[in-house]
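Okay, so here's the structure we're looking at.
In structure tokens, the structure reads:
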């Protein structure tokens, strides 16, 4: 054995470090294993063992297999104090670190439902600030949180869909011209006639390793997009040498065997490739379909329909058939494009557009995150807390700023007398005549359309964020510290916040604070 490994060393140039190697025996006696470990000058190991952080030899269908991954999540969170981070900061950490931790695992194995629930629970608790004990309110549904920001979410990874997209990369490498040894082994073990079968994704594979069965059922895994993988791959016909005439989707939508079931039953070549179903005659490709018996007139009519379809397909001699991924521009499979295809959903276009715009490049991330909650009425106003059964410390549901109406988002940020006066003061400051709509979402959309000029529009958009954030802080100061802010001071705070955000994010801004107070429109470039 050592001689074989030495030969491998000489041929490949890869030297084996026996001090870091393990010898593992399967179905052998301990004495023999001890002796071999001594001869090889390496340690004795057992299954499962870790390689590049992933357990090898264990069963991925057992909860214990995934326990190390869950523990890594917990360990990471103990070093981060969620209560010292804003919602925007926690979103950044979840997207950049927590969601990337299991990527290596998810590229190899299909994660158990229970494990995904555990990981989502950890991420959800961290997002809403409940890591160090105590139950926190999950203000927004997790499905919404996992949507892209362009679709009204926070862009947090959906682990199940991400897992499917990563695993499907093996299928993308399998059907095309990957020359790896792993592909040769798979094709020889499970393929027919030494070739990969597109029907692997359609069949209910009940044999083979756990990993292989999981790869084959990716197309019909439990998700809202059943059939997504087969629908994503389209065949670009070359010479037809690797395409099954009846069973591969090479001519329009669906398999010809299902579209022409009677002709399939009569076919003398049910397993024929496209290249076997026709031939070259004087440089022209002629279809030649064989039947087990003579055809009736109505069957001849079906043949005519079939021929009309397949005659539109161009066959190129000497050109390989290619499986193209329809969700990418170059036709190559990528996990990113597959993940986007799995996440594609429909919703309220106007709401999605508004929620996407809150991620303003000028204002701080925590302000954008708070505004995202405001537009969905998912903030801890008194009415929202009472609806969730939280009444401790709440004498009544009235607004503390004006004391007249119930405190809900639309009142607090628009209709409250303090809020209304602050908005009017901002309109006068900018020299704008405008009216306020009835809810926060409509006011936000209305606000962004008041000024059309690009440079001034960005500055004006900051005012909405500054007003909402200032009112929220003033409300909290009144409730928790009994401190009242007069309307003139609130306007100054709005002006200062907007000024600091614009100056920090734009190096070209040369105007002074006094200029900003006097004429903000003149300060901003077109």
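In full-length UniProt numbering, the protein residues as written are 1 to 526. Yeah, the Cβ is synthetic: ideal placement off N, Cα and C, and Gly gets one too.
C-beta atoms of residue i and residue j nearer than 8 Å
i	j	result
residue 562	residue 16	Because the chain here runs from 1 to 526, residue 562 falls outside it and cannot be looked at.
residue 118	residue 70	yes
residue 462	residue 409	no
residue 246	residue 267	yes
residue 157	residue 356	no
residue 164	residue 101	no
residue 322	residue 238	yes
residue 94	residue 73	no
residue 129	residue 136	yes
residue 300	residue 262	no
residue 432	residue 459	no
residue 425	residue 491	yes
residue 91	residue 369	yes
residue 310	residue 291	no
residue 361	residue 468	no
Alpha helix (DSSP H) segment containing residue i, residue limits
i	result
residue 383	382–387
residue 51	Note, residue 51: premise wrong, no alpha helix (DSSP H); beta strand (DSSP E) at 49–51.
residue 126	113–127
residue 162	159–175
residue 40	30–40
residue 3	2–12
residue 426	417–430
residue 190	181–190
residue 214	210–216
residue 60	Here residue 60 belongs to no alpha helix (DSSP H), and DSSP marks it neither H nor E.
residue 88	87–96
residue 263	261–266
residue 528	Any property of residue 528 remains undetermined from this structure, which presents the chain solely from 1 to 526.
residue 445	440–448
residue 219	Counting along the chain, residue 219 falls outside any alpha helix (DSSP H), and DSSP gives it neither H nor E.
residue 291	Careful: residue 291 lies outside any alpha helix (DSSP H) and carries neither H nor E.
residue 339	335–343
residue 251	From DSSP, residue 251 is part of no alpha helix (DSSP H); its letter is neither H nor E.
residue 106	103–106
residue 414	Note, residue 414: premise wrong, no alpha helix (DSSP H); not H, not E.
residue 518	513–518
First and last residue of the uninterrupted beta strand (DSSP E) at residue i
i	result
residue 55	54–56
residue 484	Careful: residue 484 lies outside any beta strand (DSSP E) and carries neither H nor E.
residue 284	284–287
residue 323	322–325
residue 234	233–236
Residue i burial status per 10 Å Cβ neighbour count (16 or more: buried)
i	result
residue 109	buried
residue 428	exposed
residue 194	Here residue 194 scores only 47 on pLDDT, less than 50, and its place in the model should not be relied on; the value that follows carries that caveat. Burial call: exposed.
residue 236	exposed
residue 5	exposed
residue 476	exposed
residue 39	exposed
residue 37	buried
residue 9	exposed
residue 327	buried
residue 508	exposed
residue 20	exposed
residue 495	buried
residue 486	exposed
residue 50	exposed
residue 52	exposed
residue 84	exposed
residue 34	exposed
residue 382	buried
residue 380	exposed
residue 14	exposed
Presumed contact (8 Å Cβ cut-off) between residue i and residue j, rounded CB distance
i	j	result
residue 210	residue 61	6 Å
residue 104	residue 56	Contact doesn't hold; Cβ gap of about 12 Å is too wide.
residue 520	residue 464	About 14 Å; that fails the 8 Å criterion.
residue 147	residue 153	3 Å
residue 277	residue 289	6 Å
residue 243	residue 273	6 Å
residue 232	residue 338	7 Å
residue 392	residue 398	Not confirmed; about 17 Å, so no contact.
residue 111	residue 77	Residue 111 to residue 77, Cβ: 19 Å. No contact.
residue 401	residue 481	Incorrect: roughly 14 Å between the Cβ atoms, too far for contact.
residue 58	residue 68	No, residue 58 and residue 68 are not in contact; Cβ-Cβ is about 10 Å, not under 8 Å.
Cutoff 8 Å: residue i Cβ touching any chain C Cβ
i	result
residue 49	Annotation note: the requested chain C is absent from the structure, which comprises a single protein chain.
(message) Quick check: the segment 412–421 against the segment 436–447, are at least 3 beta-carbon pairs closer than 8 Å?
(response) Segment contact: the segment 436–447 against the segment 412–421, three or more CB-CB distances shorter than 8 Å; contact assigned.
(request) Assess, as a yes-or-no matter, whether the segment 163–174 is touched by the segment 316–336 under the definition of 3 or more beta carbon pairs within less than 8 Å. (result) Flag = yes, the segment 316–336 and the segment 163–174 touch.
(message) Would you call the segment 370–386 in contact with the segment 507–520, where contact means no fewer than 3 C-beta pairs closer than 8 Å?
(response) By the Cβ test, the segment 370–386 is not in contact with the segment 507–520, since fewer than three Cβ pairs between them sit closer than 8 Å.
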